[in-house]
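Trainee: Line order of the protein sequences matches chains A and B. For the first sequence, counting from 1, position 167 maps to 337 in our numbering; every step adds exactly one. For the second sequence, counting from 1, position 354 maps to 524 in our numbering; every step adds exactly one. For every residue, glycine included, the Cβ atom is placed at its ideal position computed from N, Cα and C. Bear in mind the structure is a predicted one, so any value in this text is a computation, not a measurement. Here it is, the structure, as structure tokens.
Number of protein chains: 2
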Amino acid sequence: MGKNMLEPKVKPEGLSVRADELLGLSPELINSVRDSLREQNQTRAKMIVASLRASEFADLLQLLSPNLRRRLIECMGTDFDPQVLAELEGDIQEEISEQLGPVSLANMIIRLDIDDALELIITLRKDRQREILKQLPSELRNLVEVGLAFPKDSAGRLMGREFVAVPSFWTVDDTIKFLREADNLPNEFYEIFIVNPRHRPIGKVSLSNILRNEKPTKISSIMLSEIVTVPAIMDQEEVAFVFSQKDLVSVPVVDESYRLIGVITVDDVLDVIQEEAEEDIMRLGGVKSDDLYSAAFQTGRSRFSWLFLNLITAIVVSIVIGIFESTLEQIVMLAVLMPIVASMGGNAGTQTMTVAVRALATKELSDTNAMRVMGKEFLVGVYNGILFATLVGGVAWFWTNSLKIGGVMAVAMMITLIMAALSGMTIPLILQRAGTDPAIASGVVLTTITDIIAFGVFLGFATLLLL
Amino acid sequence: MGKNMLEPKVKPEGLSVRADELLGLSPELINSVRDSLREQNQTRAKMIVASLRASEFADLLQLLSPNLRRRLIECMGTDFDPQVLAELEGDIQEEISEQLGPVSLANMIIRLDIDDALELIITLRKDRQREILKQLPSELRNLVEVGLAFPKDSAGRLMGREFVAVPSFWTVDDTIKFLREADNLPNEFYEIFIVNPRHRPIGKVSLSNILRNEKPTKISSIMLSEIVTVPAIMDQEEVAFVFSQKDLVSVPVVDESYRLIGVITVDDVLDVIQEEAEEDIMRLGGVKSDDLYSAAFQTGRSRFSWLFLNLITAIVVSIVIGIFESTLEQIVMLAVLMPIVASMGGNAGTQTMTVAVRALATKELSDTNAMRVMGKEFLVGVYNGILFATLVGGVAWFWTNSLKIGGVMAVAMMITLIMAALSGMTIPLILQRAGTDPAIASGVVLTTITDIIAFGVFLGFATLLLL
């Protein structure tokens, strides 16, 4: 009897779904939704999307053209899950909010968790926000208004307002009874917080600890005391950093009097970490983070400013080259060779800059080790400077049959690579100190400097030695 | 009576620590550790670091020079927390493992969770691995060997082997009793998995649900059935994607017969998401991810290959420029202006490429919307092409006083920006299809193409129209 007869290759009925066998958003599903919408077959479209989770439905909407997107929303009518709205990217969220109109939008917001509701309302225009707030029941309106008062991307906006807090003199039994009877608990929670009479957090207990201790046990004897809390005004990036540093599953949020006002759980932080890393990647590339979903005109306009800045710096670089016009006139081969030096300088600088920008973001680079790292980058510059000076000098000598041009090329390469390494490290450090996000501007400043050094040194030495 | 008298500004005694008031790794702490180590004052150094968590101690080690690092490890002796070793970056982990020697290293590994132990052993050289394995007790050795058999970065390597699985016919009471008595449970867990007699997962219950239901309740009546599982060989990036798509806190890992063999929790995934985003950023910048901590020589060598590839492409670009040597000889001003076109092309292409690489990584770009996104990028290229053609043409006309040069510049800019947008989108798509990570090679391919287009079109038109 072979093993195959005992272990079926296909998933046995009633078992859980293995993630690699999930249907989810398959290309087939997307295409049949598209076809149904084009054929105005609303029933079929609704049937196909019925199996999707909110996040998958949101992805589907983002993949459709604006026209089909509008039709799909229309045919969902009141069956449209508000959670889908919460999962959408900014631009598309706004588009669909507009389509729904204030009344149905307000009805959807009522069904969302407060943190999702807040996030959604924030994306709306100010006048829209006021319209929606008017439609909300007063209790929810108050919660939203309190939330809107916290700064953008702060712990106060990220936190959930439902959590479990008990006094330290309770027993495990008291706590379990409370949990069975209370009705405004969060859907899922992993830890219980212990507060003093002023509602300030003094400890926490994980649910597994509650379950594993006998009923008469005092909470104070099993709680972890001196836990970490975050102030409501702390930036979400800092909150994410605290989570990964302290390996937390949830963290209590406190107001300026240290009172417990909310809880942030690890799933919220998962999104923050993804967003922040995304933001760094996008900024290094000179684009906005929801670029993919914006209309062509909007994308074009938002990329324009970055390219315009680059144009200014490129003209500055050209002016530097222009200084050596008469040198170029006498030895045209220099114009053929000079982009090699600039390209190598730009790339070497970008390598160092990427490491520096990322290390600043993760707090691995700071004033305490900046000098040591700078020393290392200098050595890296010297190492690759020597290697590439030899290589490039050789190539130039061979190509132009002039030892002098080879020599100029080698010296320029050496100086450029060392300066590129130092600039790649210094520029992000200076920008960070000046209070700018180093991911935004480092790239354009860096290549301007490496270009000026590369062209200036190469053409400068050529003028001195060759003419 | 002012509010200030009631609410002290300083943290009241006994309360939890607010994250922004955490001492953690302050520059003062780092400096006093450094001073103590330099003065060989081992007792003081040990005392200072005693308050640090494992992750903070790991960060501290990474901030110290190799020399002080060695001294700190020496003075910690057997008090060195194995968890610190687990938190270190690859290169430094290896360095300290070497320093500790096989016997103390094995003793530390015994005290780690199996997933951390595995991760640590994987960083070691093959011969070291064998040495360490020999030192481990046979049960742990077996676990490690099973783990090593899973592919790198797979769910099997990431998962914990300790989890709670119960049969569906148990009651809440049976489960609580089991939890109180069992002794090989994980430190922290948030969900209990339900398995059938063949140990295949058929559902899960959160701890909060166990706590909130009466004792005689059957687990089968409160469990969530048809849950998502991941196969042990699934890549960790895919696992992270499943977590964020399905908003999970933990996921059961199954073998090829669908049997439950481990559990991955959200805190492991937090690290994966950070690592993968880090990897993308680093690859786009042409560096390795532990670059910051490598020695200068190692860093220099690892960056060399990227720069060498760039040198080859820069030489190709120079050869293209070389074709137009006689044109440049007649109008030297072209050499001064040509870097502007190339720089704009490179930057516009990088913008599109960044969006494409990131959208491929997050699965927001796929075959089903590639054509639409491409169409949009074409429009963006045309939009910015027209604007910058006008701007740059005007600048060139004004500068050279030649309408013809201005015209050539404008046409070259227009064509380059459109081609840059299309290449920025196409190159990552082609690389992805060819099975390469688009983040690694897109940048160097892209700038080679935009440079060749920019210089080729500009000098080509100039040759046709100006001579």
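#1: Residues of the stretch 462-473 of chain B in Cβ contact with chain A at a cutoff of 7 angstroms, in chain order, please.
#2: Does DSSP put F363/A in a helix, in a strand, or in coil?
#3: Return the residue from the list V442/B, L418/B and A402/B that minimises the CA-CA distance to V424/B.
#4: Which ranges does the beta strand (DSSP E) cover as unbroken runs of at least 3 residues, wholly within the stretch 504-529 of chain B, from first to last along the chain?
#5: My understanding is that L222/B touches L230/B, with C-beta atoms under 8 angstroms, so please give their C-beta distance in whole angstroms.
#6: Closer than 9 angstroms, Cβ to any Cβ of chain C: which residues of the stretch 556-568 of chain A, in chain order?
#7: Please go through the same chain and pick out, in chain order, the residues whose beta-carbon is closer than 7 angstroms to the beta-carbon of I597/B, but skip the five residues on each side of it.
#8: Pick helix, strand or coil for V502/B, following the three-state DSSP scheme.
#9: Cβ of T524/A less than 9 angstroms from any chain B Cβ?
#10: Rounded to the nearest angstrom, what separates M175/B and K533/A at their Cα positions?
#11: Expressed to the nearest angstrom, what Euclidean distance is found between the alpha-carbon atoms of I623/B and L629/B?
#12: Using 10 angstroms around the beta-carbon of K546/B, count the other beta-carbons present and answer buried if the total reaches 16, otherwise exposed.
#13: Starting from the Cα of D283/A, find the closest Cα among D261/A, M246/A, E332/A and Q299/A and give me that residue.
#14: Would you verify that the beta carbon of T617/B is, or is not, closer than 9 angstroms to some beta carbon of chain A?
#15: Taking only the alpha-carbon atoms, compute the straight-line gap between F227/B and R528/B and give it to the nearest angstrom.
#16: Suppose only complete runs of 3+ residues qualify. What are the beta strand (DSSP E) ranges in the stretch 323-372 of chain B, listed by chain order?
#17: Are the stretch 578-585 of chain B and the stretch 473-483 of chain B touching by the rule of at least three beta carbon pairs closer than 8 angstroms?
#18: Does any CB atom of chain A fall closer than 9 angstroms to the CB of E177/B?
#19: Residues in its own chain within less than 8 angstroms of K385/A by CB, not counting five upstream and five downstream?
#20: Please go through the same chain and pick out, in chain order, the residues whose beta-carbon is closer than 6 angstroms to the beta-carbon of D461/A, but skip the five residues on each side of it.
#21: Taking the alpha-carbon of L303/B as reference, which of A325/B, S324/B and V273/B has the nearest alpha-carbon?
#22: Rounded to whole angstroms, how far is the Cβ of G455/B from the Cβ of T520/B, which I believe are closer than 8 angstroms?
#23: Quick check: the Cα distance between I389/B and Y360/B, rounded to an integer number of angstroms?
#24: Could you tell me the distance, in whole angstroms, from the CA atom of A632/A to the CA atom of V409/B?
#25: Say whether the stretch 488-498 of chain A touches the stretch 420-440 of chain B, bearing in mind that this needs 3 or more beta-carbon pairs closer than 8 angstroms, one atom from each stretch.
#26: Run through DSSP, which three-state label would I434/A get?
#27: Does the CB of V336/A have a neighbour CB from chain B at under 9 angstroms?
#28: I need the DSSP call for D405/A, collapsed to helix, strand or coil.
#29: Do three or more CB pairs link the stretch 248-261 of chain A to the stretch 283-296 of chain A at distances below 8 angstroms?
#30: In whole angstroms, give me the CA-to-CA distance for E396/A and L195/B.
#31: How about V502/B: is its C-beta nearer than 9 angstroms to some C-beta of chain A?
#32: If we ignore side chains and look at the alpha-carbon of each, how far apart do A609/A and N571/B end up?
#33: Establish whether the CB of I280/B and some CB of chain A are separated by less than 9 angstroms.
#34: Could one say the Cβ of I200/B lies closer than 9 angstroms to chain A's Cβ atoms, at least one of them?
#35: So what does DSSP say about P608/A, is it helix, strand or coil?
#36: So with CB distances below 9 angstroms, who are the chain B contacts of V342/A?
Mentor: Taking the geometry as given:
#1: L462, A466, F467, T469, G470 and R473
#2: In the first sequence, residue 363/A corresponds to position 193, counting from 1. F363/A falls in the strand class under three-state DSSP.
#3: Taking the first residue of the second sequence as 1, we reach residue 424/B at position 254. Ranking the options by Cα distance to V424/B, first place goes to A402/B.
#4: none
#5: Looking up residue 222/B in the second sequence gives position 52. Looking up residue 230/B in the second sequence gives position 60. That belief holds up - the Cβ atoms of L222/B and L230/B are roughly 7 angstroms apart, short of 8 angstroms.
#6: Absence of chain C from the displayed structure is noted, the protein chains being A and B.
#7: For the purposes of this step, residue 597/B is identified with residue 427 of the second sequence, where counting begins at 1. Answer for I597/B: M523, S612, V615 and L616, listed in chain order.
#8: Within the second sequence, residue 502/B is the residue found at index 332, counting from 1. Residue state, collapsed to three classes: coil.
#9: For the purposes of this step, residue 524/A is taken as residue 354 along the first sequence, with counting starting at 1. For T524/A, the answer is yes, since a Cβ of chain B falls inside 9 angstroms of its Cβ.
#10: Taking the second sequence and counting its residues from 1, one reaches residue 175/B at position 5. Taking the first sequence and counting its residues from 1, one reaches residue 533/A at position 363. Any answer about M175/B is weak, because its pLDDT of 37 lies below 50 and its placement is not dependable; what the coordinates show is given next. If I take the Cα positions, the gap works out to 37 angstroms.
#11: To locate residue 623/B, count along the second sequence from 1; it is residue 453. To locate residue 629/B, count along the second sequence from 1; it is residue 459. Between I623/B and L629/B, the C-alpha separation is close to 10 angstroms.
#12: Sequence index remark: in the second sequence, residue 546/B carries index 376 (1-based). The residue is buried, with at least 16 neighbouring Cβ atoms inside 10 Å.
#13: Locating residue 283/A in the first sequence gives position 113, counting from the first residue. Comparing Cα positions, the closest option is E332/A.
#14: Here residue 617/B refers to the residue found at position 447 of the second sequence. Yes, its Cβ sits closer than 9 angstroms to a Cβ of chain A.
#15: For this step, residue 227/B is matched to residue 57 along the second sequence. For this step, residue 528/B is matched to residue 358 along the second sequence. For F227/B and R528/B, the distance between alpha carbons rounds to 33 angstroms.
#16: 335-337 and 361-365
#17: no
#18: As a working note, residue 177/B is residue 7 in the second sequence. Summary for E177/B: the model assigns pLDDT 37, below 50, so the residue's position carries little reliability, and this model does not support an answer.
#19: Translated into positions along the first sequence, residue 385/A becomes position 215. T341, V342, D343 and I346, listed in sequence order.
#20: As a working note, residue 461/A is residue 291 in the first sequence. Cβ within range, chain order: T469.
#21: For the purposes of this step, residue 303/B is taken as the residue at position 133 of the second sequence. It is V273/B whose Cα lies nearest to the Cα of L303/B.
#22: Within the second sequence, residue 455/B is the residue found at index 285, counting from 1. Within the second sequence, residue 520/B is the residue found at index 350, counting from 1. Rounded, the Cβ-Cβ distance is 11 angstroms, inconsistent with contact.
#23: The sequence position of residue 389/B within the second sequence is 219, counting from 1. The sequence position of residue 360/B within the second sequence is 190, counting from 1. Rounded to the nearest angstrom, the two C-alpha atoms are 16 angstroms apart.
#24: As a first step, residue 632/A is located in the first sequence; it is residue number 462 there, counting from the start. As a first step, residue 409/B is located in the second sequence; it is residue number 239 there, counting from the start. Going from the Cα of A632/A to the Cα of V409/B covers about 56 angstroms.
#25: no
#26: Position 264 of the first sequence, counted from the start, is the residue given in the question as residue 434/A. The answer is strand: DSSP assigns I434/A an E or B state.
#27: Here residue 336/A refers to the residue found at position 166 of the first sequence. No - not a single Cβ of chain B is within 9 angstroms of the one on V336/A.
#28: In the first sequence, residue 405/A corresponds to position 235, counting from 1. Three-state result, D405/A: strand.
#29: yes
#30: Working through the first sequence from its first residue, we reach residue 396/A at position 226. Working through the second sequence from its first residue, we reach residue 195/B at position 25. Taking the straight line joining both Cα atoms gives about 18 angstroms.
#31: Working through the second sequence from its first residue, we reach residue 502/B at position 332. Closer than 9 angstroms: yes.
#32: For the purposes of this step, residue 609/A is identified with residue 439 of the first sequence, where counting begins at 1. For the purposes of this step, residue 571/B is identified with residue 401 of the second sequence, where counting begins at 1. Rounded to whole angstroms, A609/A to N571/B spans 38 angstroms at the Cα level.
#33: Taking the second sequence and counting its residues from 1, the one referred to as residue 280/B is at position 110. No, no contact with chain A.
#34: Counted from its first residue, the second sequence places residue 200/B at position 30. I200/B counts as touching chain A.
#35: The count along the first sequence starts at 1 and reaches residue 608/A at position 438. Helix.
#36: Working through the first sequence from its first residue, we reach residue 342/A at position 172. Ordered by position in chain B, no residue passes the 9 angstroms Cβ test against V342/A, which lies about 10 angstroms from the chain.
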